[in-house]
Amino acid sequence: MVHVVVVVDAMLGTLAKRLRLAGVDVIYGRSMGDEELLTFLEGRDVFCENGPGGVCTRLLFSRDRGLVAEGQSRGLTCFLAPSGDLDSTWEWAVGVIKWAVGRETEKVRGMDKGGGAEMEIFSPGTRCSRCNSLLDDVPPHLFRGSVPDNVAVGSWGGGLWRCPTCGRFYWAGTHWDDMKRYLAGL
Ligand SMILES: [Zn+2]
């Protein structure tokens with residue numbers, strides 16, 4: 011399996027949020043300097059969620075030509091994001107991620123080269139859009155008062171997830187429906 015980490019620079023914050031809603035592991039480098047971003051991309055021995063034996067690949071999406079050129083000169087996988095609205099940037103980003111997964115998958119003998127890797131990357135509703143943590147599945151009735159009543163009493167019919175880091179709640183609704191549509195359309 012291939013685990014992709016996308017590092018997104020300060021100019022692409024809304025893209026970062028949408029990618030996280032799609033389940034992509036995104037480092038939003040708003041508070042990181044250029045050198046810090048590149049050092050992170052070079053990292054090989056940092057914790058990878060996919061665990062030992064998996065493949066972890068790191069990509070940079072940026073609108074800064076100088077930064078992308080510097081990263082590429084160091085052999086890092088850096089991409090200049092196109093200017094344009096969120097939908098077109100998103101479409102571009104998903105295409106690049108699929109390409110990167112395909113490339114890594116090819117490198118590993120005996121791995122599934124089909125949709126399995128793709129499923130692993132795009133899993134809407136698994137990650138906090140605010141802080142990137144993986145969400146916990148929690149019993150809705152324990153959070154009465156913190157979430158809308160129809161979610162808490164279960165009449166909603168869907169589940170409830172909570173971010174263990176920042177405490178934000180998520181339930182299947184407009185955001186995730188939108189996300190499934192975004193992904194289905196590509
Ligand atoms: Zn969070």
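Start counting the sequence shown at 11; every next residue gets the next number (this note's numbering).
The beta carbon of each residue, even a glycine, is placed where N, CA and C say it ideally should be.
Keep in mind it's a predicted model, so treat the numbers as computed, not measured.
If you draw a straight line from the Cα of Leu51 to the Cα of Ala110, it comes to about 14 Å. In this model, Thr115 and Val65 are separated by some 8 Å (Cα to Cα). Straight-line measurement puts the Cα of Glu80 at about 46 Å from the Cα of Gly168.
The beta carbons of Thr67 and Val34 sit no closer together than 8 Å. Shown here for Gln82: same chain residues with a beta carbon closer than 8 Å to its own, the five before and five after excluded, namely Cys88 in chain order.
For Leu70, the enclosing beta strand (DSSP E) begins and ends at 65-72.
The stretch 145-165 makes no contact with the stretch 92-103; the number of CB pairs closer than 8 Å stays below 3. Distances from the CB of Thr99 to the heavy atoms of ligand 1 are all 7 Å or more. Thr175 counts as exposed, since fewer than 16 other C-beta atoms from the protein chains shown sit within 10 angstroms of its C-beta. For Asp97, no beta strand (DSSP E) run applies; the uninterrupted alpha helix (DSSP H) run containing it begins and ends at 96-117, by DSSP.
Between the beta-carbon of Ala26 and that of Leu193 there is about 17 Å, and that puts the pair past the 8 Å contact cut. The chain-ordered list of residues whose CB is nearer than 6 Å to some heavy atom of ligand 1 reads Cys138, Arg140, Cys141, Ser143, Cys173, Thr175, Cys176, Arg178.
Contact annotation, Asp146 with Ser72: C-beta distance approximately 32 Å; criterion of less than 8 Å not satisfied.
By the neighbour-count criterion, in which 16 or more other beta carbons inside 10 Å mark a residue as buried, Thr24 falls on the exposed side.
With a cutoff of 8 Å on beta-carbon distance, Arg30 and Cys138 are scored as near each other. In this structure, the alpha-carbon of Cys141 lies about 13 Å from that of Ser41.
In the structure shown, Arg178 adopts coil according to DSSP, grouped into three states. By the CB criterion at 8 Å, Ile37 and Val17 fall inside the cutoff. Shortest Cα-Cα distance from Thr49 to any of Met21, Asp74, Gly85, Leu22 involves Gly85.
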